[in-house]
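Accompanying notes for the structure given below.
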Amino acid sequence: MKKKVLIILSVVLICSLSFGFAANKADELNKLKILKGYDDDYQLENQLTRAQAFTFVVRLIGKESLVLDKAELLRANNFTDVDSDQWYAPYTGYGKAFGLIQGYEDGTFRADEYLSEREFYAMVLNALNIDYEWKEVENVAYENNLIESKDEKNEDNYLRGSVVDVLYTTLDNRKDMIDDLVKSGIVAQDVVDEMLISKTDETVTEISSIVAISETQTRVKFNEDIKNVVLDIDNLEVLDYDISGNDVTITNEKSVDSSSYTLTVVSVEDENGYVVNNLENEFIGYKSTPIESNYFMISDIEVISKSQINVYFTQDVTMNAALSLYYDIYEDDELYVEGGFDTIKAEKMGTVDNGITLWLTEEILYKDSEYILKLDKNLSSRYGVEISDNESKAFIGNGKENNKLEIDSLRVLNEKYIRIIFSEDLSDSALDKTNYSLLRKENNINYSRAFNATFTGIEELKYRQIDVEFLNIDQDEDYELTIKDIKDRFDERELEEEVIPFSNYVEAAGLEIEAAVAKNQGEVLVYFNNPVDESNNFNGIIISNPSRSIEDKFIDPDNPTLVTLILDDSDKLLSGNEYDLKVINGSVSDLNGETNSSELNFTLKGTSNEFPEMKFADAHFISDDYVYVRFNVNVDTSTSSSKFRLKYTDEDDDPEYINASSISFINSHEAVVKFRNLSSSESYKIYGDNIEDYSNQPSYKSDEFYKTVAR
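At position 692 of the sequence shown the residue is numbered 701 (the numbering used here), and the sequence of numbers has no breaks.
Put into structure tokens, the structure is as follows:
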């Protein structure tokens, strides 16, 4: 019921403002002696009869004086249903005599019947001596500038206000007709000179920008100050709006995160009284700004559908955060969905390290309804930091249907592997090899079942890309791949069965080096075209001409296509030299266990960049007692907490130190260091003492270094 009331209020608001615009035009027509009111009321909300309408047309072309002078003669020349004593008889007699109105086949005019819009367009076109066919009346009226739009006219309820719009628009595009009214003595020139219709709008009103400034407010900026506006938003109820200069602040029902809406400005009137109709522009629903903080809390909530939301945190999380008991959803301060294995399914997102996806199994999130997600205090981040007490965040449901689980693409890589990319993250059950089979079309026999299936994607494809292994796929044969019983990561959506034909595939490139660059004289970054298996020892990678000894190698866990080589202290890559980087045949394997089938070579250039002195690239508190640190080089992950301490000054400005109590390495260049008994009002510097780099080489050891810890 509430929504219906709001719709009625919106319609009333638009109608009242529309008549306000028409009243301004009516005043102008009144000065030109075309429109007459009744006790200062133009009755714009009323319908008008055919006789009344034609009277306006006679005045439009300046012939009312002629009609009144020849009234007796014109009364006698009329339609069968027009009595000569009717007030409109001279007008209809004039119209019949000069072919401006034809009437009906039975000889009647039906003067007292209400007028339709098409009939009025025809009257004006006749008066202007413009030819038309009845079925093309609207188009001809539009082409000849009688109307500004052909959209959504009301044939059955044509009002005086709409007639005023047509008369005004016609005169506004035909200034010579106003000159004729002056020459005929109907209106004085000095009166016309002061009228808006005689002037030119130097600045035509346009929309400059539209932005949702909150869930319930939208701001429209025009290119000039305005005083009246009539507007509407597609699929979003307008409740009210306020005009301030060239800004209009709209109060609307709650917009949906990142959804697209269309704003239509039905009419807008500037400060000088000029009116522009039918402006249209799109804008995006309000999207809350993600919270940025070093401490562990909710950063943002993205509503995907009626069942799915993505929750983003200010710190990275692990699979431990994918416990549905940590999450409760409230509506109107009442528990709507209690976190539990039967009500919510939670999974860590494959696209980012700081996201968890929640799937509601029993309830749904309704469009425009406001919810609050509340978290359990035992939820912790990747760094072991517990979530802030009473952590919660509001969000708006969008009511969208859940996305279907589909196949986005399929590619035959070589004679053994087919790569399939799905539209949604998949359950581990999608790796069941029995879900995939090949049919060779030549003899329609079940040619091959899969030997293996492996997730091989990175970033957003981490749980969506699967490589499936078969015995042999002949390039010259036609096949059908059958994929069945594939479920999404929540086991809520299923691709029951899909058959995909293919043939004549082009074999994809095997494992190759895309690039190799000397980061500095002691480190080489090698980029492969496919993710490589972290179990590789990379002993088959050689740098020669001249030969360089590789002390250590490791893969980047966040980007498994990148392998870092650390050289022996004495074997630097010198500027001006070129080196041969070689990967011996069969020495590096991808995630499918497939090795490079041929020797890989790349020419590497030396550099003048020396191996950098170790320092902290970043250091900040992530809780009251945890400090996150990032090094500028890869360090020895066996480094103990005894290498770290905090320094501050006491009341006497004497230095004081606090030793670290523990350290946890995230990877070789990031760690979280814990300290005890810290003050939130104190300023600290973190020190690192004699920390070794990843290769444990003497020249790369660092003496004491420090960085101010940001809060």
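All residues carry an ideal CB built from backbone N, CA and C; glycine is no exception.
By the beta-carbon neighbour count (other beta carbons within 10 angstroms, threshold 16), Met-328 is exposed. Residue environment for Pro-540: buried (at least 16 other C-beta atoms within 10 angstroms of its C-beta). Less than 8 Å divides the Cβ of Glu-289 from the Cβ of Thr-271.
By the neighbour-count criterion, in which 16 or more other beta carbons inside 10 Å mark a residue as buried, Ala-719 falls on the exposed side.
Remark: C-beta atoms of Leu-490 and Ile-427 approach each other more closely than 8 Å.
DSSP, read as helix, strand or coil, puts Leu-240 in strand. Counting only runs that start and end inside the stretch 286 to 328, the beta strand (DSSP E) elements of at least 3 residues fall at 307 to 312, 317 to 322.
When DSSP reads this structure, Gly-697 sits in a beta bridge with Phe-653, Phe-714. Across the structure, Val-326 and Lys-296 are spaced so that their CA atoms are roughly 23 Å apart. Annotation: Arg-473 is outside any alpha helix (DSSP H) and is labelled neither H nor E by DSSP. DSSP places Pro-664 in the uninterrupted beta strand (DSSP E) bounded by 664 to 668.
Closest by C-alpha distance to Ser-125, out of Val-76, Val-172, Asn-153, Asp-90, is Val-172. According to the DSSP assignment, Ile-187 belongs to the alpha helix (DSSP H) that extends over 184 to 192.
Less than 8 Å separates the beta-carbon of Leu-367 from that of Ile-318. Residue pairing for Gly-364: DSSP places it in a beta bridge opposite Tyr-321.
The beta carbon of Ser-333 is closer than 8 Å to those of Gly-348, Gly-349, Phe-350, Thr-352, Ile-353, Lys-354, Ala-355, Leu-367 in its chain, skipping five residues each way along the sequence.
Nearest in C-alpha terms to Val-274, of all of Asp-121, Ile-219, Asn-148, is Ile-219. The continuous stretches of alpha helix (DSSP H) do not include Val-265, and DSSP gives it neither H nor E. By the C-beta criterion, the stretch 568 to 580 is judged not to be in contact with the stretch 501 to 518, since fewer than 3 inter-stretch pairs fall below 8 Å. Counting along the chain, Leu-83 sits inside the alpha helix (DSSP H) bounded by residues 80 to 85. Per DSSP, the beta bridge partners of Asp-627 are Arg-639. Ranked by how close their Cα comes to the Cα of Gly-254, the residues Ser-268, Asp-243, Arg-228 have Arg-228 in first place. Judged by DSSP secondary structure, Val-149 falls within the alpha helix (DSSP H) whose first and last residues are 146 to 152.
One thing to note: Phe-118 has its Cβ within 8 Å of the Cβ of Val-91.
Beta-carbon to beta-carbon, Lys-425 and Ile-482 are separated by about 7 Å, close enough to satisfy the 8 Å threshold. When the five nearest sequence neighbours on each side are left out, the beta carbons in the same chain lying within less than 6 Å of the beta carbon of Glu-523 are those of Tyr-536, Asn-538, in order along the chain. Within the same chain, Cβ atoms closer than 8 Å to the Cβ of Leu-440 are found at Ala-462, Thr-463, Phe-464, Ile-475, the five residues on either side in sequence being excluded. Thr-178 carries a helical assignment under DSSP once its states are collapsed to helix, strand and coil.
Taking a 10 Å sphere around the C-beta of Ile-310, we find 16 or more other C-beta atoms and assign the residue as buried. Measuring C-alpha to C-alpha distances from Asn-166 to each of Glu-122, Asn-287, Leu-470 identifies Glu-122 as the nearest. Remark: three or more beta-carbon pairs, one from each stretch, lie closer than 8 Å, so the stretch 672 to 692 and the stretch 639 to 655 are flagged as touching.
Rounded to the nearest whole angstrom, the CA to CA distance from Glu-469 to Asp-234 is 47 Å. DSSP places Arg-127 outside any beta strand (DSSP E); the residue lies instead in the alpha helix (DSSP H), whose first and last residues are 126 to 136. Taken through DSSP and simplified to helix, strand or coil, Thr-573 comes out as strand. Taking the CA atoms as reference points, Ser-690 sits about 36 Å from Tyr-380. Here the alpha carbons of Tyr-375 and Asp-341 stand approximately 13 Å from one another.
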